[in-house]
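When we follow this note's numbering, the leftmost residue of the sequence shown carries the number 2, and every step to the right adds one.
Don't be surprised by glycine CBs; every beta carbon is placed ideally from N, CA and C.
This one's a predicted model, so the numbers in the text were calculated from it and none came from an experiment.
Below is one structure, written out as structure tokens, with a few remarks after it.
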Amino acid sequence: MGADVAVVLCRGGCKTTVIESNSDRAAKVSELALNGLNQLNAAQHLEKLSVASSLDDIDWTSVDVVIECIPERLDIKQALFKELEQRARKDTLLASNSSSFPITAIAEGLQTRDRMLGLHFFMPAHLTPLVEVVCGEASSKECAENLYAFMRQCGMVPVLVKKDLPGFLANRLQHALAREAFALIDAGIASPEDVDAAVRFGFGFRFLAAGPVLQRDHAGLEVHCAAGATMYPSLAANKEPSQCLAQKVAEGKFGMKTGEGFFKWTPESIAQEKQRYQKTLLAGLEILKSELPPVGDAADQ
2 MGADVAVVLC RGGCKTTVIE SNSDRAAKVS ELALNGLNQL NAAQHLEKLS
52 VASSLDDIDW TSVDVVIECI PERLDIKQAL FKELEQRARK DTLLASNSSS
102 FPITAIAEGL QTRDRMLGLH FFMPAHLTPL VEVVCGEASS KECAENLYAF
152 MRQCGMVPVL VKKDLPGFLA NRLQHALARE AFALIDAGIA SPEDVDAAVR
202 FGFGFRFLAA GPVLQRDHAG LEVHCAAGAT MYPSLAANKE PSQCLAQKVA
252 EGKFGMKTGE GFFKWTPESI AQEKQRYQKT LLAGLEILKS ELPPVGDAAD
302 Q
């Protein structure tokens, strides 16, 4: 994720430094970034990337934005931001890419919590245009607006999440759909394959053209209001993960990383699927190109 975020920033014209203390991973950063930039026809921007091994190697007087992409552990994130607060300029924006912890919790104990924000990317970060700018309880509106504008200049589609809810915005919507999907599998109403097909080739296909709110205006609000009145009472409302999902986890079947989830995977099939997946995302980017923010010179901001 860190390398993909670096691609976003480099393409936007920013001098970008990735801090990676593990020497093996650090050696791979430039290659990963070049692959991502090649996908976006922006390989010339690799010159803006550098790799450092520690916070001590950074000239903090020149840093305008810090984006944290370390493992999802609250204690180490809190410790990192306490150190960043001491090192970075007072006007440097501090942002966490966390997807599971409240930004308010990560910022706990900071003296300058007003400049602490969430900046949540979606994998792969350089191919998925959306990024969430998340406000914690103490986040400054001005800081949030500045980060929002910066992401637009990097060619991303930012959304402003004004309240620090679990899952922020997009993941809440995604999990609402997933809860119903897995409940339908639990009930034997549809197979995993048919659930995926219903989304990808049905209403999900239309989402490329219009989100759920705009789609209602296309179809007629009265139609969807009546349909909701009929369906909402029977929609899944469970407060725990569905049985079919929890059982896979209990069995250690986590998906590609273990060779089996709802589907079985081999190294060959994983490589083929990842290639198909990225090819489809790139095709989607091409379709949406005219609606995406132009990539500006974010380095001047």
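Nearest-angstrom beta carbon gap, alanine 237 and arginine 180 [assumed within contact, 8 Å] = As a working mapping, residue 180 is identified with position 179 in the sequence shown. As a working mapping, residue 237 is identified with position 236 in the sequence shown. Yes, arginine 180 and alanine 237 are in contact; Cβ-Cβ is about 5 Å, under 8 Å.
Do cysteine 11 and threonine 18 have their C-beta atoms within less than 8 Å of each other?
-> Counted from its first residue, the sequence shown places residue 11 at position 10. Counted from its first residue, the sequence shown places residue 18 at position 17. In this structure, threonine 18 does not lie closer than 8 Å to cysteine 11 by Cβ.
Which of helix, strand or coil does DSSP assign to histidine 176?
-> Taking the first residue of the sequence shown as 1, we reach residue 176 at position 175. Histidine 176: helix per DSSP, three-state reduction.
If you run the structure through DSSP and keep just helix, strand and coil, what is asparagine 252?
-> Here residue 252 refers to the residue found at position 251 when the sequence shown is read from its first residue. It should be noted that the sequence gives glutamate, not asparagine, for residue 252. Glutamate 252: coil per DSSP, three-state reduction.
Assigned exposure category for phenylalanine 151 - 16 Cβ within 10 Å defines buried = Residue 151 sits at position 150 when you count from the first residue of the sequence shown. Phenylalanine 151 comes out buried.
Would you identify the three-state DSSP class for glycine 119, choosing helix, strand or coil?
-> Position 118 of the sequence shown holds residue 119. Strand at glycine 119.
Sort Gln40, Asn42, Met232, Val30 by Cα distance to alanine 53 and report the nearest one.
-> In the sequence shown, counting from the first residue as 1, residue 53 sits at position 52. Ranking the options by Cα distance to alanine 53, first place goes to Val30.
Which residue comes first and which comes last in the alpha helix (DSSP H) that contains leucine 10?
-> For the purposes of this step, residue 10 is identified with residue 9 of the sequence shown, where counting begins at 1. Here the alpha helix (DSSP H) through leucine 10 covers 3-12.
At which residues does the beta strand (DSSP E) containing proline 193 begin and terminate?
-> Within the sequence shown, the letter at position 192 stands for residue 193. Element bounds for proline 193: not the beta strand (DSSP E) but the alpha helix (DSSP H), 193-199.
Going by beta carbon distance, what residues of the same chain come within less than 7 Å of leucine 283, once the five residues before and after it are set aside?
-> The sequence position of residue 283 within the sequence shown is 282, counting from 1. So the qualifying residues of the chain are Gln40, Leu128.
Threonine 17 - partner residues in DSSP beta bridges = Translated into positions along the sequence shown, residue 17 becomes position 16. Per DSSP, Leu50.
For the alpha helix (DSSP H) holding valine 214, just list the boundary residues, first then last.
-> Translated into positions along the sequence shown, residue 214 becomes position 213. Where valine 214 is concerned, the enclosing alpha helix (DSSP H) stretches over 213-220.
Whole-angstrom C-beta distance between proline 294 and methionine 157, which should lie under 8 Å | Numbered from its first residue, the sequence shown carries residue 157 at position 156. Numbered from its first residue, the sequence shown carries residue 294 at position 293. Yes, methionine 157 and proline 294 are in contact; Cβ-Cβ is about 7 Å, under 8 Å.
Histidine 225 versus threonine 231: straight-line alpha-carbon distance, rounded = The residue given as residue 225 occupies position 224 in the sequence shown. The residue given as residue 231 occupies position 230 in the sequence shown. Roughly 10 Å between the two C-alpha positions.
Euclidean distance between Cα positions of glycine 297 and leucine 215 = As a first step, residue 297 must be located in the sequence shown, where it is residue number 296. As a first step, residue 215 must be located in the sequence shown, where it is residue number 214. Roughly 28 Å separates the two Cα atoms.
Could you check what DSSP says for glutamate 69 in three-state terms: helix, strand or coil?
-> The sequence position of residue 69 within the sequence shown is 68, counting from 1. Glutamate 69: strand per DSSP, three-state reduction.
In terms of residues, what are the limits of the beta strand (DSSP E) holding cysteine 155?
-> Here residue 155 refers to the residue found at position 154 when the sequence shown is read from its first residue. No beta strand (DSSP E) holds cysteine 155; DSSP gives it neither H nor E.
Which same chain residues, not among the five before or five after alanine 272, have their C-beta less than 6 Å away from its C-beta?
-> The residue labelled residue 272 in the question sits at position 271 within the sequence shown. None.
Inter-residue spacing [alpha-carbon to alpha-carbon] between threonine 113 and isoleucine 186 | For the purposes of this step, residue 113 is taken as the residue at position 112 of the sequence shown. For the purposes of this step, residue 186 is taken as the residue at position 185 of the sequence shown. So the alpha carbons of these two residues sit roughly 47 Å apart.
Stretch pair the segment 97-104 + the segment 132-141: three plus CB contacts closer than 8 Å | yes
Compare the C-alpha of glutamate 1 against each of Thr281, Cys70, Ala43, Leu35 and name the closest.
-> Only positions 2 to 302 of the chain appear in this structure, which leaves residue 1 out of reach.
Distance CB(valine 64)-CB(threonine 93) smaller than 8 Å | Residue numbering aside, residue 64 sits at position 63 when the sequence shown is read from its first letter. Residue numbering aside, residue 93 sits at position 92 when the sequence shown is read from its first letter. Contact flag set, yes.
Where serine 97 sits in the DSSP three-state scheme | Within the sequence shown, the letter at position 96 stands for residue 97. It is a strand residue.
Just the Cα atoms here: how many angstroms apart are serine 291 and glycine 253?
-> Stepping through the sequence shown from its first residue, residue 291 is reached at position 290. Stepping through the sequence shown from its first residue, residue 253 is reached at position 252. So the alpha carbons of these two residues sit roughly 43 Å apart.
Indicate whether at least one CB of chain C lies closer than 8 Å to the CB of methionine 157.
-> In the structure shown, chain C cannot be found, because there is only a single protein chain.
Simplified DSSP state of glutamate 86, which is helix, strand or coil = As a working note, residue 86 is residue 85 in the sequence shown. The answer is helix: DSSP assigns glutamate 86 an H, G or I state.
Alpha helix (DSSP H) containing leucine 131: first to last residue?
-> Translated into the one-based positions of the sequence shown, residue 131 becomes position 130. Here leucine 131 belongs to no alpha helix (DSSP H); instead the beta strand (DSSP E) covers 131-136.
Buried or exposed for phenylalanine 183, please, with buried defined as at least 16 other CB atoms from any protein chain shown within 10 angstroms of its CB.
-> Position 182 of the sequence shown, counted from the start, is the residue given in the question as residue 183. Looking at its Cβ environment, which holds 16 or more other Cβ atoms inside 10 Å, phenylalanine 183 is buried.
Leaving out five residues before and five after glutamate 84 in sequence, what residues of the same chain have Cβ atoms less than 7 Å from its Cβ?
-> Stepping through the sequence shown from its first residue, residue 84 is reached at position 83. For glutamate 84, where only same-chain residues beyond five positions count, the Cβ hits under 7 Å are Leu56.
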